[in-house]
Amino acid sequence: MTSDGTWHVGTVVAARPLTDTARSLTLSVPGFTGALPGQHVDLRLTAPDGYQATRAYSLAGTGSDERVDLVVDEVPEGEVSPYLVRDARPGDQLEVRGPLGGYFVWHDADPAPVLLVAGGSGVVPFLAMLRARRASGRRAPFRLVCSVRGPLDAIGREEIDTPDPGLGVRWVFTRQVPAGWSTPPGRITAADLTAPGFGPDDGVAVFVCGPTGFVEAAAGLLTGLGHPPARVRTERFGGA
Amino acid sequence: MGVVTRGFGGRRPEPEHQVPPGQFVTDDFPVLSAGPTPDVDESRWELTVRTETGEGRTWDWAQLMALPAEDVETDIHCVTHWTKLGTTWRGVSVDTLLADVETSAEFVMAHSYGGYTTNVPLQDLLGGQAWVAFEFEGEPLEPVHGGPARLLVPHLYFWKSAKWLRGLQLMDDDDLGFWEQNGYHAYGDPWLEQRYA
């Protein structure tokens, strides 16, 4: 699915905090025809004096029935994300273009095992993939590795930890572990990315999403384990 | 004016510099790459220019360094909406690389280590508009940003400035590169906001 470039009017219909800095937003967007899991949209906001700003956000759901599900994490000193996380409320209007992006996508008919590696809010497109997998009724083996600073930063943890046949989840806490956690905090390692059925010889499709430094580290570990670079799809945000 | 977003607009930056439509200025240098960053050592780096008849010319790293280089100061514009102002680069002009190449081709496919491709009309790479860049802000270009050498075509969206450049294939007919096959515009003029196909 690709966009024809049209800006659609979107109206906020629901907003729910997920962490101290992240919020899920649901928009009603007449004319939005749905997306593939992993795609993103452009949002355009217009101030009363006509000033506009545009940003790209990953979709947290594939948005059938003219709804767009977003999860926005606040970028400190940002211009748009603080508005979306702190100020936007049901009834507010903005514009939506998309879906966009034809590469960082998962097709629910693909039976290959899928390894998803998320840093922080990089989990958002993977929420769309998990939801699409559940909705399809197909059971491609999935493994999701989520690296977060601490339990309070874990976007969608409840949903991710809900048992789902064929889905394995591993949490990596880099600064602070939950009470009773058996391992100390630390950065992601090759061991976190290794699991039976998800090795380089298993025909795995690998997706990595997160801040640039995280993606560089994780993608380097994955190619070091022998995953073919052409099977490792990446999406980065932030500077390097 | 159509839609107005209630309560939005309080954090806008000071307008100091004109940027293309839909862009915002950042001091960061974000990274857009479809896959892992390839490890390309200068000792095995090569750049090949191949014409539409199949004739090729190859430079290794020492040969590239021996060519006259230029300092370039330019704004860069990424399709993901960020613009970075006043970036400084050093590299060899594509005019220099193509000076002795005989061709009647009108299009070029840039090829990268790692398999990335992007298509650019030949005339957009000539006339002092494009470089093979190997320094950024006075330092060797980092791998994450395309080092050891990347194409620099700053008047087009930055996905055209192929990282980890290894070849320029001249073509009689236009063809689509990687992102161009995945939804991005075939040409990509930021001032015309040619983001998507």
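For the record, the sequence lines run as chains G and P.
Residues 216 to 455 in this note's numbering are what the first sequence lists, from first letter to last.
Residues -9 to 187 in this note's numbering are what the second sequence lists, from first letter to last.
All C-beta atoms, glycine included, are put in the ideal place defined by N, C-alpha and C.
Annotation: Leu309 of chain G is outside any alpha helix (DSSP H); the continuous beta strand (DSSP E) that includes it extends over 308 to 315. At least one CB atom of chain P sits nearer than 7 Å to the CB of Leu260 of chain G. Collapsing the DSSP output to three states places Gln119 of chain P in coil.
Cα atoms of Asp29 of chain P and Glu36 of chain P: separation of roughly 14 Å, rounded to the nearest angstrom. Contact residues of the region 156 to 180 of chain P toward chain G are Asn172, Gly173 (C-beta to C-beta distance below 7 Å).
Proximity of Pro130 of chain P to chain G, defined by a Cβ-Cβ separation below 7 Å, is not satisfied.
Counting other Cβ atoms within 10 Å of its Cβ, Ala24 of chain P reaches 16 or more and is therefore classed as buried.
The Cβ atoms of Ala120 of chain P and Arg140 of chain P lie no closer than 7 Å to each other. Contact holds between the region 104 to 116 of chain P and the region 140 to 153 of chain P, because three or more Cβ pairs, one in each stretch, are under 8 Å apart. From the beta-carbon of Tyr298 of chain G, the residues of chain P found nearer than 9 Å are Thr(-5), Gly(-3), Phe(-2), Gly(-1), Gly0, Arg1. In the DSSP secondary-structure assignment, Ala237 of chain G is bridged to G:Asp288. Contact between Met161 of chain P and Ala89 of chain P does not hold, since the beta-carbon distance rounds to 19 Å and is not under 8 Å. At a Cβ-Cβ threshold of 7 Å, Glu281 of chain G and Pro314 of chain G do not count as neighbours. Against Glu431 of chain G, the close residues of chain P are Thr27, Val134, in the order they occur along the chain (beta-carbon pairs closer than 7 Å). Any Cβ of chain G closer than 7 Å to the Cβ of Ala123 of chain P would place that residue at the interface, and such an atom is absent.
Judged by DSSP secondary structure, Leu87 of chain P falls within the alpha helix (DSSP H) whose first and last residues are 84 to 88. For Leu437 of chain G, the secondary structure class from DSSP, reduced to helix, strand or coil, is helix.
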